[in-house]
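J.: FYI, in UniProt numbering the residues of the sequence shown are 1 to 311.
Have a look at this one.
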Amino acid sequence: MPDVIAHERDELPGDNVPGESDRRLRYFMTIAALGSMSKAADELGISQPSLSRQISVLETYLGQPVFERTGRGVVLTSVGEELYWATASGFKLIDDAVAKVRDMNTVIRGSLKIAAVHTLTYYLLGDLVSVVAHEGHGANLQLMGRSSPEVVDLVASGKAELGFVYDSAVAVSGLTSIDLFEDEMCLIVRAEHESRDTVDIWNERQRLVVFPAHYALRKMLQHAKLDYVASAETDTVDAALEMVSAGMGTCLLPSRIPDRLLADYKLRKVAIAGPQLARKVVAIHKEGRRLSPLAALALGIAHRLSRRAPE
Numbered sequence: 001m002p003d004v005i006a007h008e009r010d011e012l013p014g015d016n017v018p019g020e021s022d023r024r025l026r027y028f029m030t031i032a033a034l035g036s037m038s039k040a041a042d043e044l045g046i047s048q049p050s051l052s053r054q055i056s057v058l059e060t061y062l063g064q065p066v067f068e069r070t071g072r073g074v075v076l077t078s079v080g081e082e083l084y085w086a087t088a089s090g091f092k093l094i095d096d097a098v099a100k101v102r103d104m105n106t107v108i109r110g111s112l113k114i115a116a117v118h119t120l121t122y123y124l125l126g127d128l129v130s131v132v133a134h135e136g137h138g139a140n141l142q143l144m145g146r147s148s149p150e151v152v153d154l155v156a157s158g159k160a161e162l163g164f165v166y167d168s169a170v171a172v173s174g175l176t177s178i179d180l181f182e183d184e185m186c187l188i189v190r191a192e193h194e195s196r197d198t199v200d201i202w203n204e205r206q207r208l209v210v211f212p213a214h215y216a217l218r219k220m221l222q223h224a225k226l227d228y229v230a231s232a233e234t235d236t237v238d239a240a241l242e243m244v245s246a247g248m249g250t251c252l253l254p255s256r257i258p259d260r261l262l263a264d265y266k267l268r269k270v271a272i273a274g275p276q277l278a279r280k281v282v283a284i285h286k287e288g289r290r291l292s293p294l295a296a297l298a299l300g301i302a303h304r305l306s307r308r309a310p311e
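Printed below as a string of structure tokens:
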């Protein structure tokens, strides 16, 4: 007898049409949620007789009613209750999966403008852009390397949605600041002329290639009251490395600067003895403005990359 019943159910009109069973269950869930056949028909955008026919097919397939009709609408039978709770969990998994893919597509179609201080483009932003482009499935990214005050201005004005800067530069209200990592400084020297592993910059007057006065790294030197002579001034890391390589002095840069970059200039890092010079790197965005999916993705990736140890 069970085999006969199964055969009869397989032959119900429309049961072999792909998606029909799922559609009837969706109809069933909507009616159960609203408690009314007419309200469910309005919600689903179909006629009430058509909806009633679909539920009748479902009940025939199950061999038992799923609703009891009352004067105020419909209520679930015991079979309907079991079907509702069994179906609800399955549809939630499906709906969550669809929502996740939909959000991913939003990221794919998105674009993001990122502003960052110049030094971060050498050891954070390259990897960040690469990973975001991969996980964002080819999203459109625009990276702007600027001085610290310029990065803050770009984010505050809305010309960049996300910024990466030293915390000492964030003095503008209306911005949210998220800590990423402490950026310790080291001394960049010519590899062939300096054999020491550490240098005491506090008790030895330094001859430094420096950045302009409004740059965070230059302000750091002034705040630390380091005894130094500025042998040259430049606004780019590449130019600073070229000048150090040419023998114009040394320079202070973050210890996360890649060794492979320094090797191209025949330079190397030397640790600072005694008190450390450090600045906190932060991500910034406009306060009270919800980040786009792509910006949120980039911020999460920045957190992941920040946990990596320096070279």
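The beta-carbon is built from N, C-alpha and C at its ideal position, and this holds for glycine as well.
Please read all numbers here as calculations on a predicted model, not as lab measurements.
At which residues does the beta strand (DSSP E) containing D179 begin and terminate?
T.: Element bounds for D179: 175-190.
J.: Just grab the DSSP bridge partners of Y265 for me.
T.: Y265 is not bridged to any residue.
J.: Per DSSP, T250 is paired with what?
T.: DSSP, once it has assigned bridges, lists L208 as partnering T250.
J.: Based on Cα-Cα distance, which residue from T121, L141, E43, F211 lies nearest to residue 356?
T.: What the structure shows of the chain is the stretch from 1 to 311, and residue 356 is not part of that stretch, so it cannot be assessed.
J.: Does the Cβ-Cβ distance between I188 and V244 come in under 8 Å?
T.: Yes; because the gap between Cβ atoms is below 8 Å, this pair is in contact.
J.: Can you tell me whether R307 is helix, strand or coil according to DSSP?
T.: Residue state, collapsed to three classes: coil.
J.: Locate the beta strand (DSSP E) running through G73, then write down its first and last residues.
T.: It spans 73-76 - the beta strand (DSSP E) in which G73 sits, taken as one unbroken run.
J.: Would you tell me roughly how many angstroms separate the C-alpha atoms of E242 and D264, rounded to the nearest one?
T.: The straight-line gap from Cα to Cα measures roughly 10 Å.
J.: So, for L208: in the same chain, excluding its five sequence neighbours on each side, which residues have a beta-carbon less than 8 Å away from its beta-carbon?
T.: Only L221, Y228, V229, A230, S231, G249, T250, C251, L252 meet the Cβ criterion.
J.: For T87, which of G73, A33, A133 has the nearest alpha-carbon?
T.: It is A33 whose Cα lies nearest to the Cα of T87.
J.: According to DSSP, simplified to helix, strand and coil, what is Q276?
T.: Coil at Q276, not helix or strand.
J.: Using a threshold of 8 Å, state whether the C-beta atoms of K113 and E184 are closer than that.
T.: Not in contact: K113 and E184 (Cβ atoms no closer than 8 Å).
J.: Do you know how far the Cα of V151 is from the Cα of T234?
T.: Looking at the two C-alpha atoms, the distance is approximately 18 Å.
J.: Contact defined as beta carbons within less than 8 Å: I believe G163 pairs with I284. What is the distance between those atoms, to the nearest angstrom?
T.: That pair is a contact at about 4 Å.
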